[in-house]
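Data block below; observations after.
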Amino acid sequence: MQNRELVIIGGGPAGLSAAVEARKLGIKDVLVIDRESEPGGILKQCIHTGFGLHIFNEELTGPEYAERFIEEAERLGVEIMLDTMVLELTADRRLVAINSREGLVEIKAKTVILAMGCRERTRGAINIPGFRPAGVFTAGTAQRFVNIEGYMPGRKIVILGSGDIGLIMARRLTLEGAEVQCVVEIMPYSNGLIRNVVQCLEDYDIPLLLKHTVVNIHGRKRVEGVTIAEVDDDMKPVMETARFVSCDTLLLSVGLIPENELSRMTNIEIDEVTGGPVVNQRLETSLPGIFACGNVLHVHDLVDYVTQEAVLAARGAALYLASGSKKYEHIPVVTGDNLRYVLPQRINVDAVLEGKVNFFMRSVRPMAKAELFIESEWGVIKSRTLRHVRPSEMISIQVSRDEMIGSEIIKFRLQEEGGRVEHGN
Amino acid sequence: MSTAIEEKTVTCIVCPSGCVVRVVLKGGKIAGISGNMCRKGTDYAKTEVINPMRILTTTVRMEDNRLLPVKTERPLPKALIFDAMKELSHVRVKAPVKIGQVVYPNVADTGVNVVATRSWK
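Chains as they are written, first to last, in UniProt numbering: chain A, 1 to 425; chain B, 1 to 121.
Structural data, given as structure tokens:
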């Protein structure tokens, strides 16, 4: 049995950022465990630009963003155990991991940071009828094939879902010589960033069919085509509009799920909306000494926010190592009108780090203009006007300790201004 | 040169507002820009209509068959992206590679270099 100060599960952007910060804070013994043979996580296959604008003030590609943190982690003496999978984590922070060199590895950790990221929803998650031919991939799997393994997943492609990975793959496959027939989106708006709709679809004249879905997959051995149809306001397909689109590949970009099998096994309290652990202002989970950050906590739009969150989790771990666990009295953070979730879900106002809390939230639908209200039982403590709220873009707001002190509850709600507006993209 | 009147629409991506900007062209020259909420939209729409530029990110092969992610050092004309892709499909890079290293100079005769976006030992 090894004894460790801090074990970080996952060597992607969240895990690496947390490791770097932990070393900077003076934690000597930092171990990162990752399943893959290289650190960097999914950033390695995200060869497009758009990373790092907030953290580095420049537009980096995924591998560039990752390499900065890998180099920093190496320079600071972070130990990274690769090709190793954590099989078990207990509430008292014992870990069982496995790899082909050492077999089973048992570790007792003083603190743990969960940074396992997320995975994609698959065909099973959305129940598309039809046969089960080859040629149905998630967009991220296709991205790995094209950018890391060097295989084309197909030649004539339909993409279901307009999440950012799907949009980016529409461009990537077009550049590599494939024909992307269309991107089909069930909602009346795209679930990706506007920039990606413009630069990945419009640039290459790829149609985006809003309020449409795939209702059947054709082909026995290999995909031969899909039937797409318009949906009504209840998202039910209107079969009179059904038409056949010939293709050999269907890519799915229909959402991401935080990868919390270990957390569930450990009986960490999970928020059913975010799919990640319930955390406090230090990103500590319901189990003392276990923290969470990045896409395992909730799915992010920008990697920069993942890094910020990882820094906070590392600070939480450092404080825990310095002063042990304290029984905190938490007040609840309540998700009100027009918001899907708010994070963190509870806070201890007295133990707020640096005098403020960074709250992250997502709206339930696009709004051209909205007012965000933060209220306690006494009434409104803060408000802010927001323009162009979209479910695909996280809203973040800082609330200071002074603004929250004495409150029993903190509630967030969003009020649309100027009536409902449906956005085209 | 013709004096035909042409209209193009451009979605501005400078900020999250996503203004749809209408550009009127007379004989290939900009005669009017409308629909944008700020000055940035005017500049963006002008470049987009006259000479849209893009950073190209892709991969090239290493001699040992691994893939190396690369990008153009600067944006290049959008119209030359497929020419650039074609040229880059012939490139073979020898290990080791350092991030930022030029792996192919002057792609599609644009004067723009293609650089590695990761290191490979």
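Every residue gets a Cβ at the ideal spot worked out from N, C-alpha and C, and that includes glycine.
Gln-143(A): member of the alpha helix (DSSP H) spanning 139-144, first to last residue. Exclusion of the five residues before and after Thr-266(A) leaves Leu-89, Thr-90, Ala-91, Leu-287, Ile-290 as the residues of its chain whose Cβ lies within less than 8 Å of its Cβ.
In the DSSP annotation of this structure, the continuous segment of the beta strand (DSSP E) that includes Phe-412(A) starts and ends at 410-416. Chain A has no Cβ within less than 9 Å of the Cβ of Pro-77(B). The three-state reading of DSSP puts Ser-119(B) in coil, since its state is none of H, G, I, E or B.
Listed by position along chain B, the residues whose Cβ is nearer than 9 Å to that of Asn-338(A) form an empty set, because the closest Cβ is around 18 Å away.
The beta carbon of Gly-406(A) sits no closer than 9 Å to any beta carbon of chain B.
Interface residue (Cβ-Cβ distance to chain A less than 9 Å): Asn-65(B) is classified as such. At a cut-off of 9 Å between C-beta atoms, Gln-199(A) counts as an interface residue with respect to chain B.
Proximity of the stretch 336-344 of chain A to the stretch 405-412 of chain A meets the contact definition, three or more beta-carbon pairs being nearer than 8 Å. Beta-carbon to beta-carbon, Thr-227(A) and Phe-137(A) are separated by about 19 Å, too far to satisfy the 8 Å threshold. If you look at Leu-339(A), you'll find it in the beta strand (DSSP E) that goes 339-343.
If one requires a minimum length of 4 residues, the alpha helix (DSSP H) runs lying completely within the stretch 31-88 of chain A are 62-75, in chain order. Bounds of the beta strand (DSSP E) holding Phe-373(A) are 367-376.
Residues of the stretch 61-92 of chain A whose Cβ lies closer than 7 Å to any Cβ of chain B, in chain order: Thr-61, Pro-63, Glu-64, Glu-67. The shortest CA-to-CA distance from Met-1(A) to any of Leu-60(A), Val-105(A), Arg-264(A), Leu-82(A) is the one to Val-105(A). Of all residues in the stretch 195-221 of chain A, those with a C-beta nearer than 8 Å to a C-beta of chain B are Arg-195, Val-197, Val-198, Gln-199, Glu-202, Asp-203, reading in chain order. Within 10 angstroms of the beta-carbon of Gln-45(A) lie 16 or more other beta-carbons, which makes it buried. In the DSSP assignment, Arg-123(A) falls within the unbroken alpha helix (DSSP H) covering 123-126. About 16 Å separates the beta carbon of Ile-47(A) from that of Pro-75(B), a gap too long to meet the 8 Å contact definition.
Residue environment: His-298(A) is assigned as buried (16 or more neighbouring CB atoms within 10 Å of its CB, all protein chains considered). Ile-9(A) is outside the set of residues whose beta carbon lies under 9 Å from a beta carbon in chain B.
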